[in-house]
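Start counting the sequence shown at 0; every next residue gets the next number (numbering that gives the first Met the number 0). Everything below concerns the one structure shown next.
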Amino acid sequence: MTSLSAAAGNVPALSIVDLKKRYDNGVEALKGVSLDVEPGDFFALLGPNGAGKSTTIGIISSLVNLTSGSVKVFGVDIATHRDAAMRLIGLVPQEINFNLFEKPYDILVNYAGFYGTPRDEAGPRAEEELKRAQLWDKAFMMSRTLSGGMKRRLMIARAMMTRPRLLILDEPTAGVDIEIRRGMWKTLKEINTAGTTIILTTHYLEEAESLCRNLAIINHGRIVQQGPMRALLAQLDVEGFLFDIDGELPAELPVIEGTTLIATDPHTLDLDMPRAMDLNRVFEALAAAGIRVRSMRTKSNRLEELFVRMIAAPAATSTEASA
Ligand SMILES: Nc1ncnc2c1ncn2[C@@H]1O[C@H](COP(=O)(O)OP(=O)(O)O)[C@@H](O)[C@H]1O
Ligand SMILES: [Mg+2]
Numbered sequence: 000m001t002s003l004s005a006a007a008g009n010v011p012a013l014s015i016v017d018l019k020k021r022y023d024n025g026v027e028a029l030k031g032v033s034l035d036v037e038p039g040d041f042f043a044l045l046g047p048n049g050a051g052k053s054t055t056i057g058i059i060s061s062l063v064n065l066t067s068g069s070v071k072v073f074g075v076d077i078a079t080h081r082d083a084a085m086r087l088i089g090l091v092p093q094e095i096n097f098n099l100f101e102k103p104y105d106i107l108v109n110y111a112g113f114y115g116t117p118r119d120e121a122g123p124r125a126e127e128e129l130k131r132a133q134l135w136d137k138a139f140m141m142s143r144t145l146s147g148g149m150k151r152r153l154m155i156a157r158a159m160m161t162r163p164r165l166l167i168l169d170e171p172t173a174g175v176d177i178e179i180r181r182g183m184w185k186t187l188k189e190i191n192t193a194g195t196t197i198i199l200t201t202h203y204l205e206e207a208e209s210l211c212r213n214l215a216i217i218n219h220g221r222i223v224q225q226g227p228m229r230a231l232l233a234q235l236d237v238e239g240f241l242f243d244i245d246g247e248l249p250a251e252l253p254v255i256e257g258t259t260l261i262a263t264d265p266h267t268l269d270l271d272m273p274r275a276m277d278l279n280r281v282f283e284a285l286a287a288a289g290i291r292v293r294s295m296r297t298k299s300n301r302l303e304e305l306f307v308r309m310i311a312a313p314a315a316t317s318t319e320a321s322a
């Protein structure tokens, strides 16, 4: 730890307070987003198309003007100290935006030069980044000849040239096949382990799950859920059932360890239990208490429903009736 970072104490890598964005055409893309990302974190902003992910990223990286609210990067306010904040950030946009007729090595060195790194320093750094991205053997080939996965790794290597403390990636793996995705995940994990805070947006739950420690879920410009990935997965691991009961329920319901059982009306029981648990245990306990189950159905988990809606294609609206 350097004395600088020690002095910074617990300053969040990113702190967003009540961020709102209304585009010129009247679209309210963000309706009051608040977020904190801790230094060193690997954080996912998860949400469906149109949720407001790119707008949020655009504002943090000063490509989009905010309407109201505040954004601080390691304590530096982007509104009052834009350039200082920008120096802390590396951005990997969703679309490939380097010159395909340049060589990877030149792309990296020129990019660093643009941000004020002298060429004799940028050269060794480009070599280091290209090696980490497993692109060193392609360093002096035309970028056009790189595969899709290599091009994306090159975008990450370029963003790392300025030694950002916060690396931001907007849907880094959208539309790429699973093998390329895994390769990128590995690269990103290494960068994070080496100390760079990472924020990425994604609409793949699987991606957030395999990479991130913390996440926020955004939908229609609002944060609908925020916290540790583990806590979210634990919630997803609960299964709910409704039992229709024959006859009267006893005054006292049986206690079944690890589950929550309540009567929602005199003929219906509502049960939440871990997904891994055996339903036979529940039936034995109910039978022992003289409760006869006539029928049962799964109670859809609200969070799960949310995910189904989020992960579904945007065109797939109002098809709930067919579920
Ligand atoms: N430049 C823009 N002008 C007007 N509306 C926009 C613009 N960019 C995005 N939007 C709208 O803002 C909302 C959020 O978009 P965006 O932030 O791109 O979402 P995401 O990245 O999660 O898919 C959408 O309704 C989108 O149509
Ligand atoms: Mg987007």
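Even glycine gets a Cβ: it sits at the ideal position worked out from N, Cα and C.
Checklist entry - How big is the Cα-Cα spacing for residue 327 and residue 255? => result The chain is shown from 0 up to 322; residue 327 falls before or after that span and cannot be answered.
Next on the checklist: Using CA atoms only, rank isn't needed, just tell me which of 11, 63, 77 is closest to residue 69.
Outcome noted: Against the sequence shown, residue 69 aligns to sequence position 70. If we check each option's Cα against that of residue 69, 77 comes out closest.
Item to check | Reduced DSSP category for residue 227 - H, G, I as helix; E, B as strand; rest coil | outcome: As a position in the sequence shown, residue 227 is number 228, starting the count at 1. In the three-state scheme derived from DSSP, where H, G and I count as helix and E and B as strand, residue 227 is classed as strand.
Checklist entry - Mapping DSSP to helix, strand and coil, what is residue 185? => result Within the sequence shown, numbered from 1, the residue matching residue 185 stands at position 186. Here residue 185 sits in helix by DSSP.
Next on the checklist: Would the stretch 239-257 count as touching the stretch 272-288 if we require 3 or more Cβ pairs under 8 Å?
Outcome noted: These segments touch.
Item to check | Whole-angstrom distance between residue 158 and residue 98, CA atom to CA atom | outcome: Counting from one through the sequence shown, the residue named residue 98 turns up at place 99. Counting from one through the sequence shown, the residue named residue 158 turns up at place 159. Pairing residue 98 with residue 158, the inter-Cα distance amounts to about 15 Å.
Item to check | Option in 161, 75, 136 with minimal Cα separation from residue 13 | outcome: Translated into the one-based positions of the sequence shown, residue 13 becomes position 14. With distances taken between Cα atoms, residue 13 lies closest to 75.
Next on the checklist: Which residue marks the beginning of the beta strand (DSSP E) containing residue 15, and which one marks its end?
Outcome noted: Residue numbering aside, residue 15 sits at position 16 when the sequence shown is read from its first letter. Element bounds for residue 15: 13-21.
Next on the checklist: Quick test of the definition: if touching needs 3 or more C-beta pairs under 8 Å, does the stretch 204-217 touch the stretch 42-53?
Outcome noted: The stretch 204-217, when compared against the stretch 42-53, does touch it at the 8 Å Cβ threshold.
Item to check | Test item, CB below 6 Å from any non-hydrogen atom of ligand 1 | outcome: This criterion selects 22, 24, 26, 28, 46, 48, 49, 50, 51, 52, 53, 54.
Item to check | Option in 120, 153, 197, 37 with minimal Cα separation from residue 56 | outcome: The residue you call residue 56 lines up with position 57 of the sequence shown. Put simply, of 120, 153, 197, 37 the residue whose alpha carbon is nearest the alpha carbon of residue 56 is 197.
Item to check | Which listed residue (180, 71, 156) has its alpha carbon closest to that of residue 110 | outcome: Working through the sequence shown from its first residue, we reach residue 110 at position 111. Comparing alpha-carbon positions, the option among 180, 71, 156 lying closest to residue 110 turns out to be 156.
Item to check | Span separating the alpha-carbon of residue 7 from that of residue 73 | outcome: Looking up residue 7 in the sequence shown gives position 8. Looking up residue 73 in the sequence shown gives position 74. Unreliable placement is indicated for residue 7, whose pLDDT of 49 sits below 50; the coordinate value is still reported in the next sentence. Rounded to whole angstroms, residue 7 to residue 73 spans 8 Å at the Cα level.
Next on the checklist: Is residue 355 a contact residue of ligand 2, with contact defined as CB to any heavy atom under 7 Å?
Outcome noted: In the structure as shown, the chain starts at 0 and stops at 322, and residue 355 therefore has no counterpart that could be examined.
Checklist entry - Thinking C-alpha only, which one of 233, 261, 230 is nearest residue 241? => result Locating residue 241 in the sequence shown gives position 242, counting from the first residue. With distances taken between Cα atoms, residue 241 lies closest to 261.
Next on the checklist: Considering only DSSP beta bridges, list what residue 296 is partnered with.
Outcome noted: For the purposes of this step, residue 296 is identified with residue 297 of the sequence shown, where counting begins at 1. DSSP, once it has assigned bridges, lists 241 as partnering residue 296.
Checklist entry - Which one of 295, 297, 296, 168 has the shortest CA to CA distance from residue 152? => result Counted from its first residue, the sequence shown places residue 152 at position 153. Nearest C-alpha to residue 152: 168.
Next on the checklist: Please report whether the beta-carbon of residue 154 lies at a distance below 8 Å from any beta-carbon of chain D.
Outcome noted: Looking for chain D here will not work: only one protein chain is present.
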